[in-house]
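Line order of the protein sequences matches chains A and B.
Its first residue numbered 259, the first sequence is counted upward by one per residue in our numbering.
Its first residue numbered 529, the second sequence is counted upward by one per residue in our numbering.
C-beta: ideal position from N, C-alpha, C; glycine also.
Beneath this line is the structure, given in structure tokens, with notes to follow.
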Amino acid sequence: MVLNIGPQHPSTHGVLRLKLTVDGERVTACEPIIGYMHRGAEKLFEVRDYRQILVLANRHDWLSAFANELGVALAVERLMGIEVPERATWLRTGMAELNRVLNHLMFLGSYPLEIGAITPVFYAFREREKLQAVMEEAAGGRMHFMFNRVGGIKEEVPAGWTRRALETIAEVRAGMKDIAQLIRHNDIFLARTKGIGVLTAEAAAGYGASGPVARASGLDFDLRRDEPYLAYGELDVPVVTRTAGDCHARFECLLEQVYVSLDLAEQCLSKVDTLTGPVNTRLPKVVKAPEGHTYAWTESPLGVNGYYLVSRGEKTPWRLKLRTASYANVQALSTLLPGCLIADLVAILGSMFFVVGDIDK
Amino acid sequence: MPEDSAKSTPGKGLLQGLGVTLKTMLKPAHTEQYPDVQPKLPPRTRGVIALQEENCTSCMLCARECPDWCIYIDSHKETVEVPGAARPRQKNVLDRFAIDFSLCMYCGICIEVCPFDALYWSPEFEYAEHDIRNLLHEKDHLGQWMATVPPPPAHDPNGEPAKEQTAAEKKR
């Protein structure tokens with residue numbers, strides 16, 4: 259029997275459709291059908307100048323807006339040969355890590371919710387709210403920060419912001435203990451996730467999966483450590499890995515990455531306090547990237563995001579190709595789901611941590 | 529962090545979780561009493577765009593730079609006779625300035641590019657409408673938001689001071 263899950267299904271975080279072939283309760287084949295949320299972002303990039311691209315790039319993965327802006331900004335800066343002031347780099351790194359925490363908290367709350375545990379989402383959102391307030395104070399937005407600019411960040415942070423941000427980081431770290439205690443060793447949660455949806459390291463690598471999903475399968479790869487950008491080269495980035503590759507391992511990876519990110523953000527913001535100087539560079543009135551091409555990739559919260567920028571010297575790019583983490587990660591579903599029970603389907607789907615906007619672009 | 533220690537005794541994880549719930553139950557609630565108590569929003573919050581009409585020269589920069597072209601500007605030229613001047617001057621008169629908030633992406637580019645500081649962010653957010661067409665705010669409506677624009681926050685002393693501050697100090 260062919261069974262359609264979605265496009266409208268609460269566990270798909272948007273509009274993802276899975277065409278399942280089922281034999282009784284068991285899934286025999288799965289074909290993810292994507293494109294229901296295609297907004298033509300890459301085509302729109304070709305008719306927008308570089309500042310306007312940041313607005314759009316912001317939105318393909320709405321849970322990691324800062325990381326998305328950053329990738330575009332880094333690509334353009336590299337092509338134009340702009341050196342970003344040190345203070346801006348450290349601020350960017352710190353805020354990128356805070357954004358990672360925001361993203362992970364969302365999934366730490368929504369994943370248990372999808373498999374029937376309602377309470378953790380309230381704890382996760384309580385912590386999210388605190389961090390969103392911190393980001394809002396500096397950037398003015400709670401989700402779509404629009405704080406990066408080519409050559410730095412939009413403006414200096416308000417006086418006392420780093421102190422308040424550091425206080426909030428400490429608060430969130432304390433609050434994380436609650437979330438971990440609430441669900442991590444919960445017997446029902448373990449029964450639903452241990453040994454379910456095992457993704458092997460080979461399959462993960464074969465599909466180009468990255469981020470927490472791949473690291474839970476033992477794929478020890480993190481661009482922050484392996485190909486440092488921003489200020490990561492000067493930081494010691496511990497890479498959280500697991501070997502089990504099941505839903506629980508993916509969840510644990512996410513959980514521990516939050517602690518890592520909070521530590522990194524703390525280090526960055528403490529460093530910012532020791533730096534003085536501007537946070538952006540003076541740009542020509544019309545920003546034009548010189549003819550050429552470059553590929554910038556960043557460790558976005560959900561995995562590797564790549565930005566292939568081809569410029570013909572115009573004020574708009576000739577082509578800006580996005581390589582998004584979610585797109586590669588959901589591809590693995592076609593090997594992950596066959597053989598599993600329908601009852602486990604939502605548990606596996608939720609543990610792949612994707613944003614549909616990031617798949618369809 | 530202790531690994532798999534809770535797995536040994538069945539039900540321990542559940543009890544741990546219930547412990548957290550109990551702890552939270554004894555603490556005051558986080559609920560914000562929103563319609564009764566207004567949220568405290570930072571001055572940089574991007575809520576609505578306010579227009580200082582007198583500053584606008586109808587240069588169209590904002591309308592051109594807007595990523596989804598949701599700003600509509602109409603203007604005409606008027607000749608002004610200035611007593612004592614050799615020639616009459618040309619002046620742009622703003623007829624219409626409207627922002628369609630049903631299209632706006634709240635990126636703030638219009639405010640950033642405005643060379644004469646005619647546009648400002650206000651944290652005001654309570655302007656939901658029953659009819660989407662009413663989200664098109666004309667210049668009177670945009671002007672009313674000016675009263676809600678807060679003063680910008682002071683910059684971090686380690687960084688560079690705000691543009692406005694440097695400009696003001698130069699004048700002195």
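Using a beta-carbon distance below 8 Å, is residue i in contact with chain A?
i: alanine 534 of chain B; result: With a pLDDT of 46 at alanine 534 of chain B, under the threshold of 50, the predicted position of this residue should be treated as unreliable, though the coordinate-derived value follows. Output row for alanine 534 of chain B: interface = yes.
i: leucine 542 of chain B; result: yes
i: asparagine 686 of chain B; result: yes
i: threonine 694 of chain B; result: no
i: glycine 545 of chain B; result: yes
i: methionine 674 of chain B; result: no
i: proline 681 of chain B; result: yes
i: threonine 549 of chain B; result: yes
i: tyrosine 655 of chain B; result: no
i: proline 563 of chain B; result: no
i: proline 538 of chain B; result: yes
i: arginine 574 of chain B; result: yes
i: cysteine 598 of chain B; result: no
i: histidine 558 of chain B; result: yes
For residue i, collect the residues of the same chain with a Cβ closer than 8 Å to its Cβ; drop the 5 residues on either side in sequence, then sort them by chain order.
i: tyrosine 381 of chain A; result: Gly367, Gly433, Asp436, Ile437, Leu440
i: histidine 296 of chain A; result: Asp618, Lys619
i: valine 379 of chain A; result: Gly367, Ser368, Pro370, Leu371
i: phenylalanine 644 of chain B; result: Asn583, Cys584, Thr585, Cys587
i: tyrosine 517 of chain A; result: Arg431, Met434
i: valine 392 of chain A; result: Leu356, Trp419, Arg422, Ala423, Thr426
i: arginine 309 of chain A; result: Arg407, Val408, Val545
Report yes if the CB atom of residue i is closer than 8 Å to the CB atom of residue j, and no otherwise.
i: alanine 583 of chain A; j: leucine 567 of chain A; result: no
i: proline 536 of chain A; j: proline 343 of chain A; result: yes
i: glutamate 640 of chain B; j: threonine 676 of chain B; result: no
i: tyrosine 565 of chain A; j: alanine 333 of chain A; result: yes
i: proline 681 of chain B; j: proline 571 of chain B; result: yes
i: valine 635 of chain A; j: arginine 508 of chain A; result: What is shown of chain A runs 259 to 619, which leaves residue 635 of chain A out entirely.
i: valine 285 of chain A; j: leucine 595 of chain A; result: yes
i: leucine 591 of chain A; j: glutamate 524 of chain A; result: no
i: leucine 622 of chain B; j: cysteine 598 of chain B; result: no
i: threonine 573 of chain B; j: glycine 398 of chain A; result: yes
i: isoleucine 627 of chain B; j: histidine 665 of chain B; result: yes
i: aspartate 504 of chain A; j: glycine 541 of chain B; result: no
i: histidine 362 of chain A; j: glutamine 515 of chain A; result: yes
i: methionine 404 of chain A; j: valine 313 of chain A; result: yes
i: methionine 633 of chain B; j: aspartate 596 of chain B; result: yes
Quick one: grab the DSSP three-state call for residue i.
i: isoleucine 427 of chain A; result: helix
i: tryptophan 419 of chain A; result: helix
i: histidine 271 of chain A; result: coil
i: valine 614 of chain A; result: helix
i: arginine 336 of chain A; result: helix
i: threonine 593 of chain A; result: helix
i: valine 280 of chain A; result: strand
i: aspartate 602 of chain A; result: helix
i: lysine 579 of chain A; result: strand
i: arginine 358 of chain A; result: helix
i: glutamine 618 of chain B; result: strand
i: histidine 402 of chain A; result: coil
i: serine 609 of chain A; result: helix
From the beta carbon of residue i, is the nearest beta carbon of chain B less than 8 Å away?
i: aspartate 436 of chain A; result: yes
i: alanine 417 of chain A; result: yes
i: glycine 309 of chain A; result: Note on identity: in this sequence residue 309 of chain A is arginine, with glycine being the wrong assignment. Chain B, which has a Cβ nearer than 8 Å to the Cβ of arginine 309 of chain A, makes this yes.
i: leucine 424 of chain A; result: no
i: valine 313 of chain A; result: yes
i: glycine 399 of chain A; result: yes
i: arginine 384 of chain A; result: yes
i: valine 330 of chain A; result: no
Under 7 Å Cβ to Cβ from residue i, same chain only, skipping five residues before and after it: list those, please.
i: leucine 541 of chain A; result: Val408, Gly409
i: methionine 401 of chain A; result: Trp320, Ala323
i: proline 548 of chain A; result: Leu337, Met338, Ser569, Gly571
i: proline 689 of chain B; result: His683
Across which residues does DSSP place residue i in a beta bridge pair?
i: tryptophan 649 of chain B; result: B:Ile577
i: phenylalanine 625 of chain B; result: B:Ile601
i: leucine 567 of chain A; result: A:Thr552, A:Leu578
i: alanine 613 of chain B; result: BP columns for alanine 613 of chain B are empty, so no partner.
i: leucine 261 of chain A; result: A:Leu278
i: alanine 507 of chain A; result: DSSP output for alanine 507 of chain A lists no bridge partner at all.
i: serine 558 of chain A; result: A:Gly561
Counting only the same chain and skipping the five closest in sequence on each side, list residues whose C-beta sits under 6 Å from that of residue i.
i: isoleucine 373 of chain A; result: Arg450, Ala605
i: serine 650 of chain B; result: Gly575, Val576, Ala578, Trp673, Thr676, Val677
i: valine 456 of chain A; result: Gly503, Asp504
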